[in-house]
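Residue numbers (the working numbering): 74 to 315.
No residue lacks a Cβ here, since even glycine has one placed at the ideal position from N, Cα and C.
Every value quoted in this text rests on a predicted model; they were computed, and no experiment measured them.
Below is one structure, written out as structure tokens; the observations come after it.
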Ligand SMILES: Cc1cc2nc3c(=O)[nH]c(=O)nc-3n(C[C@H](O)[C@H](O)[C@H](O)COP(=O)(O)O)c2cc1C
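In structure tokens form, the structure reads like this:
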């Protein structure tokens, strides 16, 4: 099984997204998958310019030459695409959105009805069969992920992929103050990676365990008070405190 994972965080591997993806990746590799990880922040991918050359002039090939070529090569080989993303203003980070928009180079201009009965563009070339969302957020409520999940499912539908799972771990503001609080979830993500590599599926019990927030809102708020004290110190040091 070949897996392409794109880390959408502006902080690349240094953030919480990077920790989550590293754990899932360890499991995937241990289970025998061939994994390629790309960091959107390190890629030079210009936004789509809507020239539609990929539809009408050079079918299936984007007119812009940049690091998207590398992403396309990975997409064409992978059977699973992992979109690893922090929530940025209730959506994907711009670096990752640029990649997602440029993925339309696989679409034909014609129309076809998808299995759900919606009109879509057929594909020039097959995308990975499965998409998986791995996400984190600064705020603690699982509902924070609703816009990202809606977008993820719509993206999967656009590309005729199966939205295999959404693994969403909220509360990164507090998790960064207590990195060890994430450890049990990292172990679950390693298990998930192994299961994905060997069975190509994730069972619902494991998915539900991963999606149980590492910290309750009360725990988050308690740690949040420490976090705010650090914020005040940093602002005072910068001469910007109130
Ligand atoms: C530009 C920007 C927008 C953000 N918007 C949200 C948001 O809408 N909701 C939220 O819960 N967290 C938001 N966050 C917090 C990030 O999701 C959080 O810090 C996450 O840990 C960043 O991922 P990383 O640790 O992998 O860098 C935002 C962060 C940034 C930098």
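Legend entry - Integer Cβ distance of residue 74 from residue 266, believed to fall under 8 Å: Their Cβ separation, rounded to whole angstroms, is 11 Å, which puts residue 74 and residue 266 out of contact at 8 Å.
Legend entry - Of the residues 97, 80 and 142, the one placed nearest residue 275, counting alpha carbons only: Comparing Cα-Cα distances from residue 275 to each of 97, 80 and 142, the minimum goes to 97.
Legend entry - Where residue 235 falls, given that 16 or more other Cβ within 10 Å makes a residue buried: Counting of Cβ neighbours within 10 angstroms places residue 235 among the exposed residues, the total staying below 16.
Legend entry - DSSP three-state assignment for residue 107, whether helix, strand or coil: Per DSSP, reduced to three states, the secondary structure at residue 107 is strand.
Legend entry - Neighbourhood of residue 197 by C-beta, 6 Å cutoff - its chain only, sequence neighbours within 5 removed: Spatial neighbours of residue 197 in its own chain (CB-CB distance under 6 Å, excluding positions within 5 residues in sequence) are listed in chain order as 132, 133, 179 and 181.
Inset, instruction - In the DSSP assignment, find the beta strand (DSSP E) that holds residue 79 and state where it starts and stops. - result: Counting along the chain, the beta strand (DSSP E) containing residue 79 begins and ends at 75 to 80.
Legend entry - Pairwise C-alpha distance: residue 222 and residue 239: One alpha carbon belongs to residue 239, the other to residue 222, and they sit about 7 Å apart.
Inset, instruction - Kindly indicate which three-state DSSP category residue 118 falls into: helix, strand or coil? - result: Note: residue 118 maps to coil in three-state DSSP.
Legend entry - Closest Cα partner of residue 279 within the set 258, 294 and 119: Of 258, 294 and 119, the residue nearest in Cα terms is 258.
Legend entry - Through-space distance from residue 129 to residue 256, alpha-carbon basis: Per the coordinates, the alpha-carbon of residue 256 lies some 49 Å from the alpha-carbon of residue 129.
Inset, instruction - Could you check if residue 112 is buried or exposed, using at least 16 other CB atoms within 10 Å of its CB as the buried criterion? - result: Its Cβ being crowded by 16 or more others within 10 Å, residue 112 is buried.
Legend entry - When 183, 153, 120 and 189 are compared against residue 269, the one with the closest alpha-carbon: Relative to the Cα of residue 269, the nearest Cα in the group 183, 153, 120 and 189 belongs to 153.
Inset, instruction - Rounded to whole angstroms, what's the CA-CA distance from residue 175 to residue 156? Just pull it up for me. - result: Roughly 15 Å separates the two Cα atoms.
Inset, instruction - Rounded to whole angstroms, what's the CA-CA distance from residue 140 to residue 77? Just pull it up for me. - result: A direct Cα-Cα distance of roughly 15 Å separates residue 140 from residue 77.
Legend entry - Residue from 312, 298, 109 and 207 with nearest C-alpha to residue 243: Of 312, 298, 109 and 207, the residue nearest in Cα terms is 207.
Legend entry - Cβ-Cβ distance between residue 106 and residue 85 below 7 Å: At least 7 Å separates the beta-carbon of residue 106 from that of residue 85.
Inset, instruction - Assign residue 164 to one of three DSSP states: helix, strand, or coil. - result: Correct three-state label for residue 164: strand.
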